[in-house]
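Position 210, counted from 1, in the sequence shown is what our numbering calls 210; the numbers after and before it change by one each time, with no gaps.
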Amino acid sequence: MNFRPEYLENTPQFNHSLEGVEGVIFDLDGTLVDSSLDFQAMKAQIGCPADEDIIDYIQKLPSQEARASAHSIVAQHELDDAEQSNWMPGAQALVQQLKRQSIPMAIVTRNCRQATRIKIKRNRIPIEQIITREDAPAKPDPTSLIRISAQWKMASHNILYVGDHLYDVYAAHRAAMLACLYVPGKLPVYVNSSDYVCRNLDLLATALDRTAHLT
Numbered sequence: 001m002n003f004r005p006e007y008l009e010n011t012p013q014f015n016h017s018l019e020g021v022e023g024v025i026f027d028l029d030g031t032l033v034d035s036s037l038d039f040q041a042m043k044a045q046i047g048c049p050a051d052e053d054i055i056d057y058i059q060k061l062p063s064q065e066a067r068a069s070a071h072s073i074v075a076q077h078e079l080d081d082a083e084q085s086n087w088m089p090g091a092q093a094l095v096q097q098l099k100r101q102s103i104p105m106a107i108v109t110r111n112c113r114q115a116t117r118i119k120i121k122r123n124r125i126p127i128e129q130i131i132t133r134e135d136a137p138a139k140p141d142p143t144s145l146i147r148i149s150a151q152w153k154m155a156s157h158n159i160l161y162v163g164d165h166l167y168d169v170y171a172a173h174r175a176a177m178l179a180c181l182y183v184p185g186k187l188p189v190y191v192n193s194s195d196y197v198c199r200n201l202d203l204l205a206t207a208l209d210r211t212a213h214l215t
C-alpha cells in the first residue's frame, strides 16, 4: 500500500475527524509506555541476525531447549525494561478520555505476559483486554486484532489500531482495521503505509473527541 496518509496536525485546516471509529486498540511499547529495549543487543546475545525478526528466529531454533533459553534471555530484558516504564507523553490523558467516552479499548503487544503485567500495574493503565505474544501469534499476524473485533461484535473498519511500528500497520491492515502510526520522532521510510500519522497523542485525543461529538 502506498498512498499519502492523513496527518493529525494542529493547523487551521485541522478539521478532520475519525468519524466511524467505535473502538481503539493500542500497541504498548513506544505507544502507551516508553521502552529502552535494545533489540540489537538481545539479538546478538541469542545469535539472531540483525536483520531478522527476533520472535521468528526463536521459533525456528532447532530444539526446545534452545528456544526456551532464547525466550528466557529476551523475557529478562523485557522484565528489566518493564520496571523502568512510564507513560508516553499524552497517552494517559488519551486513555482516560476514551474511558470517559465509553469507547472500548484493548492492548495488543509483542511483549511477554509477565512484563506486560508489570507495565500495566506500574503505570495503572485502565485497560483490561490485553493480548501478549503468549496469548496469540505475534504481530504482524492479525489474529489478536480479529479476535478482539469478534469479541466486541464490532466491524473491523470501525476499529482504530494505534502503534509505532510497521508491524502495527501490517497487523491493522491485515485485520481490515484503520492504522494510525504514532511517530513522535523522525518519520520512518514506511510512513506512507499507514492511514493516519500521529506526531502527538494530544492531537489524536482531539480528533477522537470531535468524532465522539458527531455521534
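Built from N, CA and C at the ideal position, the CB exists for glycine as well.
- Shown here for I131: same chain residues with a beta carbon closer than 6 Å to its own, the five before and five after excluded, namely V108, S144 in chain order.
- Only buried fits E78, as 16 or more other CB atoms lie within 10 angstroms of its CB.
- Cβ contact annotation for Q97 (same chain, cutoff 6 Å, sequence separation greater than five): A205, in chain order.
- Taking the C-beta atoms as reference points, F26 is found nearer than 9 Å to M105.
- Across the set G163, D168, A176, the C-alpha of A176 shows the shortest separation from the C-alpha of S149.
- In this structure, A171 places its C-beta atom within 9 Å of the C-beta atom of D141.
- Under the Cβ criterion (8 Å, minimum of three pairs), the stretch 82-97 does not count as touching the stretch 58-74.
- When the five nearest sequence neighbours on each side are left out, the beta carbons in the same chain lying within less than 6 Å of the beta carbon of I46 are those of A70, I73, in order along the chain.
- Exposure of S102 is indicated by the presence of fewer than 16 other C-beta atoms within 10 angstroms of its C-beta.
- Here I159 really is in contact with E22; their C-beta atoms are around 7 Å apart, less than 8 Å.
- Judged by DSSP secondary structure, Y190 falls outside any beta strand (DSSP E); it is assigned neither H nor E.
- The three-state secondary structure of M105, taken from DSSP, is strand.
- Taking the Cα positions, V24 is about 29 Å away from Q76.
- A straight line joining the alpha-carbon of A82 with that of S156 spans about 30 Å.
- Cα atoms of W152 and Q129: separation of roughly 11 Å, rounded to the nearest angstrom.
- For I120, the secondary structure class from DSSP, reduced to helix, strand or coil, is helix.
- Rounded to the nearest whole angstrom, the C-alpha separation of N86 and L37 is 13 Å.
- In summary, D164 is buried, with 16 or more beta-carbon neighbours lying within 10 Å of its beta-carbon over all protein chains present.
- Residues of the same chain with a CB within less than 7 Å of the CB of D34, apart from the 5 flanking positions on each side, are S85, N86, M88 in chain order.
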